[in-house]
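The working numbering applies: residue 23 is where the sequence shown begins, and numbers increase by one. In this text, a Cβ means the ideal position worked out from N, Cα and C, and glycines have one as well. Before any comments, here is the structure.
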Amino acid sequence: MSTKLFPFFCLLFLAGNSSAQSKSYSGALSAGFKFPFGHFAQTHFPGISVEVAAAKHRYGRMSAKPKQKFSFTYGGDIHYYFGKKETVSGYPYQYPGFTFIHVSGGAVYNPHKNANISLTTGPALSRYNGSTRFNVTAALSASYYLTKRWGITPSVMMISETGAIPLWTAGLNASFAF
23 MSTKLFPFFC LLFLAGNSSA QSKSYSGALS AGFKFPFGHF AQTHFPGISV
73 EVAAAKHRYG RMSAKPKQKF SFTYGGDIHY YFGKKETVSG YPYQYPGFTF
123 IHVSGGAVYN PHKNANISLT TGPALSRYNG STRFNVTAAL SASYYLTKRW
173 GITPSVMMIS ETGAIPLWTA GLNASFAF
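The structure is reproduced here in structure tokens:
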């Protein structure tokens with residue numbers, strides 16, 4: 023193949039792929055805030071998160087609702103929660119920050135062409151006060167796309183660790199379908 027034709031075929035390939043995927047997207051990247059509640063809120067302030075998810079043609083504003091109701095989804099995310107300061111027996115104490123990284127798999131459902139709901143679970147690692155621990159998570163989230171690619175995603179997550187009470191968070195993210 024001539025080197026002059028190579029750029030032409032690359033552009034043709036990209037144009038074909040972009041038009042084939044104009045109905046929906048297979049990935050979503052989101053970033054936002056996580057709000058601890060219950061026992062976790064007593065020791066930590068709201069945190070920040072970045073999340074990525076993948077499922078075949080399930081994200082973004084679609085031209086029509088998918089024929090298949092459910093699909094497999096997988097992804098990963100990282101969260102950081104800021105520790106609170108309190109006085110214990112007359113002495114100040116600063117709770118350390120809590121870093122949380124997890125991967126997950128589960129199901130995604132599209133009840134509407136502009137929305138999806140996902141339920142995922144998976145293993146995680148948490149870093150707190152100099153030690154790393156193994157956790158298990160479960161998360162329920164729903165995305166509503168305001169434009170073709172941009173949406174909002176509220177969520178609820180449970181973080182479970184052996185020998186400790188579960189930690190609960192609620193989140194609100196901005197999502198971008200790609």
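Tell me which residue opens and which closes the alpha helix (DSSP H) that residue i is part of.
i          : result
residue 64 : 61-65
Would you report the Cα separation of residue i and residue j, rounded to the nearest angstrom?
i           : j           : result
residue 83  : residue 190 : 30 Å
residue 149 : residue 56  : 17 Å
residue 85  : residue 198 : 17 Å
residue 97  : residue 113 : 42 Å
residue 184 : residue 159 : 12 Å
residue 130 : residue 68  : 26 Å
residue 49  : residue 110 : 46 Å
residue 195 : residue 115 : 31 Å
residue 28  : residue 78  : Caution is warranted here: a pLDDT of 47 is assigned to residue 28, below 50, making its placement in the model unreliable, and the coordinate value is therefore given only provisionally. If you take the alpha carbons of residue 28 and residue 78, they lie about 29 Å apart.
residue 51  : residue 76  : 9 Å
In three-state terms, what does DSSP make of residue i?
i           : result
residue 152 : coil
residue 29  : Because the pLDDT of residue 29 is 45, which lies under 50, any placement of that residue in the model is unreliable, and the number read from its coordinates should be weighed accordingly. Three-state result, residue 29: helix.
residue 168 : coil
residue 157 : strand
residue 200 : coil
residue 54  : strand
residue 184 : coil
residue 144 : strand
In the DSSP assignment, what are the bridge partners of residue i?
i           : result
residue 81  : 47
residue 95  : 128
residue 114 : 109
residue 176 : 194
With C-beta atoms as the reference, is residue i less than 9 Å away from residue j?
i           : j           : result
residue 70  : residue 117 : no
residue 125 : residue 146 : yes
residue 128 : residue 141 : yes
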